[in-house]
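Worksheet: one structure, shown below.
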Ligand code: SF4
Ligand code: SF4
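In my numbering, the protein residues as written are 11 to 95.
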């Protein structure tokens, strides 16, 4: 699954630079995660880096975007190929 940011976000900015996929961006009111770019950090790190740094723990799994580990890894391969193309 991708992750998403709830409205408890305090716009502290610390998660955005930690994302290896550049999936996090400043939305209208709070930070948001592009589910097409979030791999749960699979392929890059053992744990979601945004969750590790968020001071208010407002980044849960997105139940609307269900993906297996294999799908997340495939997404990682697809994204990294795009970046190097
Ligand atoms: S889990 Fe990883 S890839 Fe997904 S938004 Fe957080 S830092 Fe980015
Ligand atoms: S680390 Fe948490 S509180 Fe800070 S901007 Fe990211 S989601 Fe919002």
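All C-beta atoms in this analysis are idealised placements derived from N, C-alpha and C, irrespective of residue type, glycine included.
Counting C-beta pairs closer than 8 Å gives fewer than three between the stretch 79–90 and the stretch 16–25, which falls short of the contact rule. Per the coordinates, the alpha-carbon of residue 12 lies some 6 Å from the alpha-carbon of residue 49.
In the displayed model, residue 38 falls within coil according to three-state DSSP, outside both helix and strand. Collapsing the DSSP output to three states places residue 83 in a helix. Here the C-alpha atom of residue 89 lies approximately 29 Å from the C-alpha atom of residue 66.
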